[in-house]
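Report on the following structure.
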Amino acid sequence: MNLPIFDELHVISDLHLGGPKGRQIFTSTREASAFLKRLSAQTCGRVGLIVNGDLVDFLAEENAQCFDSEPESAEAKLRSIADRDGFREVFDGFRRFVSKDHHHLAVNLGNHDLELALPWVRRTLVDLLSGGDDSARGRITLVLDGSGYRAQVGQAKVICLHGNEVDAWNVTDYEKLRRVSRDLSLGKPVERWKPNAGSRMVIEVMNSVKRDWPFVDLLKPERESVPLILLALDPTLGWKVKNIASLATVANIASAKREAGFLEGPVDGDADVAATKSGLTLLGEPTGNQLQTPINLFTNAESRLLRKLARSTQTGVQSALLDDIERQFRDGILPIDLIRSDYEAVYLGKMSDLWSATAGWLHKTGANLNVWLANQGRQILRKALECLIEDRVFDLKDSTDDTFQQIDAKVGSEFDFVITGHTHLERALPRNNGSGYYYNTGTWAGIMRLERSVLENDAKFNALYQHLSAGSLELLEKNNLVIRENTVVSIKADACGAAHAKLQHVRLNAGRLVLDLVAGSEAQIG
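The sequence shown lines up with residues 0 to 525 when you count with numbering that gives the first Met the number 0.
So this is what it looks like as structure tokens:
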């Protein structure tokens with residue numbers, strides 16, 4: 000394998016540059032500028048810098064789409080992001096880095112910046128990163144097909160993957176992305192892009208919530224916490240959450256069965272028919288007067304549908320589909336994507352159950368929206384936030400981490416260092432598949448981290464609720480509710496060829512750059 004060879008390699012991920020002022024989750028401009036300036040000053044040996052996905056965040060932009068394939072639109076958004084206060088300095092830092100000989104920059108595609116795979120957006124990104132300098136262009140590599148970036152540091156082989164490759168909510172169809180880019184370039188009609196459930200959740204639900212409750216962008220692990228939190232903040236969003244869950248489950252099960260030759264019928268052309276065949280009943284969008292207060296949240300007809308839904312989420316039909324998929328996968332008949340479909344169906348089914356239980360409570364008590372917000376929403380939010388303080392969520396050595404387990408199994412044992420991002424949660428673990436090590440670079444965006452005592456104490460929780468409801472990320476940071484760890488994985492070769500790796504946190508102390516070692520993250524190959 001012909002790999003680029005570096006004397007030192009640094010990997011960062013999930014900057015999420017994007018979004019309007021006041022709702023930007025990246026605010027570490029000074030730290031990023033100082034870090035890139037330090038790397039640019041390196042004069043000994045070959046230095047590599049990898050941005051391991053989600054450099055920019057198209058989903059956070061005003062009037063965002065799940066995938067913006069309009070030739071001029073996505074390019075304009077990228078130029079706007081790169082020229083925005085707070086982000087311009089970061090792009091300046093990248094340009095300074097690649098202007099130096101023996102410095103190489105690689106950018107992996109994430110799941111919030113899919114538009115970078117479009118040819119004209121790709122060219123714009125290279126222009127912005129290189130400053131138009133031809134020699135600098137030759138020191139930039141874009142990896143846009145999901146294969147990851149591979150390199151060698153000393154004796155160690157390294158592979159960097161974003162991590163969404165094993166996330167059923169956010170998996171990308173790279174082959175279809177290639178076909179869309181090809182057909183657009185040729186001026187041909189293109190097939191409709193089918194967004195994954197994660198992108199739809201951001202566009203159809205979370206972006207509207209963030210206008211009043213911007214803290215939802217800081218929640219990790221988002222899959223366990225967001226559905227209940229959304230319902231607690233605004234129960235009128237429940238129909239959206241439920242529909243996304245149902246449609247994603249139906250589409251994935253149907254696609255899996257159809258690809259294997261087990262199922263004929265609609266996949267996403269007729270969602271209602273597909274839902275009926277899978278044993279699910281979808282809740283329609285509330286009418287205008289149903290969103291007014293104070294009134295009952297559901298009509299009698301809708302309540303009957305919800306009760307039917309609660310009974311049918313684990314019907315024999317659905318269970319049989321899931322069991323069949325899992326069994327065929329174990330027998331080696333189906334492609335790897337089907338295990339993602341199985342995982343997603345199980346999780347999204349649980350999300351459906353959460354909404355069904357909430358709707359059942361509303362129907363049983365005859366509660367209206369005002370009653371919900373006054374008496375139940377706050378306590379539901381309190382319960383949902385407990386997902387953020389699970390004992391191992393921020394555990395550097397959590398070997399039960401799903402992304403670690405799936406990526407480790409997916410990547411061959413010949414790679415000594417496997418590095419991902421995506422989850423925003425740092426990890427440093429020995430590999431199960433081989434004798435190497437796995438790292439997750441965390442994020443340069445903000446994360447909300449709560450102490451258990453805050454949720455267990457009424458006075459502390461009421462104070463937290465007031466901070467959350469103020470709708471200000473700046474206020475949350477002032478009250479130390481947001482952490483910004485600015486994580487980097489650094490791998491350096493010594494004179495004997497051994498590769499030394501570690502996680503570091505980038506911070507400033509009186510204006511001076513400080514790289515803090517993350518305890519327990521060091522590893523060596525060779």
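The beta-carbon is built from N, C-alpha and C at its ideal position, and this holds for glycine as well. Keep in mind the model is a prediction, meaning the values are calculated, not measured.
- Rounded to the nearest angstrom, the gap between the Cα atoms of K477 and H111 is 28 Å.
- Cα atoms of L474 and S412: separation of roughly 46 Å, rounded to the nearest angstrom.
- With contact defined as three or more Cβ pairs closer than 8 Å, the stretch 74 to 84 and the stretch 133 to 141 are not in contact.
- Scanning G47, N479, R426, G433 for the CA closest to the CA of E450 turns up N479.
- Going by DSSP, I24 is part of no beta strand (DSSP E) at all; its letter is neither H nor E.
- It is roughly 27 Å from the alpha-carbon of Q41 to the alpha-carbon of G435.
- Collapsing the DSSP output to three states places H466 in a helix.
- Taking the Cα of F96 as reference, the smallest distance to any Cα among R122, E60, I139, Q64 is reached at I139.
- Secondary structure of E60 (DSSP, three-state): coil.
- Around the CB of T442, 16 or more other CB atoms lie within 10 Å, so the residue is classed as buried.
- Cβ contact annotation for S12 (same chain, cutoff 6 Å, sequence separation greater than five): N51, G52, G420, T440, in chain order.
- Each residue's CA atom was taken as its position, placing I4 and V189 some 39 Å apart.
- Nearest to G519 by C-alpha distance, out of L183, Q503, L218, S27, is Q503.
- A direct Cα-to-Cα measurement between L384 and K187 gives close to 48 Å.
- Counting C-beta pairs closer than 8 Å gives three or more between the stretch 147 to 161 and the stretch 488 to 496, which meets the contact rule.
- With a cut-off of 8 Å on Cβ pairs, the stretch 16 to 26 is not in contact with the stretch 159 to 171, counting fewer than three such pairs.
- When the alpha-carbon of E69 is set against those of D6, S180, G92, the nearest one is in S180.
- By the Cβ-count criterion, V513 is exposed, with fewer than 16 other Cβ atoms from all chains shown falling within 10 Å of its own Cβ.
- Contact between L16 and W212 is absent: CB atoms are separated by about 22 Å, not below the 8 Å threshold.
- For the set L176, K219, D144, the Cα lying nearest the Cα of I446 is the one of K219.
- Secondary structure in the stretch 98 to 157: the alpha helix (DSSP H) runs of 4 residues or longer, each lying completely within the stretch, are 118 to 129, 133 to 136 in chain order.
- Here the alpha carbon of T422 sits roughly 8 Å from the alpha carbon of T402.
- Counting only the Cα atoms, Y437 lies some 6 Å from P429.
- Rounded to whole angstroms, S129 and K193 show a C-alpha spacing of 33 Å.
- In chain order, L449, R451 place their CB closer than 6 Å to the CB of I388, counting only its own chain and leaving out the 5 sequence neighbours on each side.
- Rounded to whole angstroms, L143 and E174 show a C-alpha spacing of 11 Å.
- By the neighbour-count criterion, in which 16 or more other beta carbons inside 10 Å mark a residue as buried, L108 falls on the buried side.
- At a Cβ-Cβ threshold of 7 Å, L124 and L115 count as neighbours.
- Annotated three-state conformation of F90 is helix, per DSSP.
- In chain order, V89, G92, W443 place their CB closer than 7 Å to the CB of A31, counting only its own chain and leaving out the 5 sequence neighbours on each side.
- Comparing alpha carbon positions, the residue from L472, L141, N485, D126 closest to K20 is L472.
- Shortest Cα-Cα distance from D182 to any of V215, I158, P118 involves P118.
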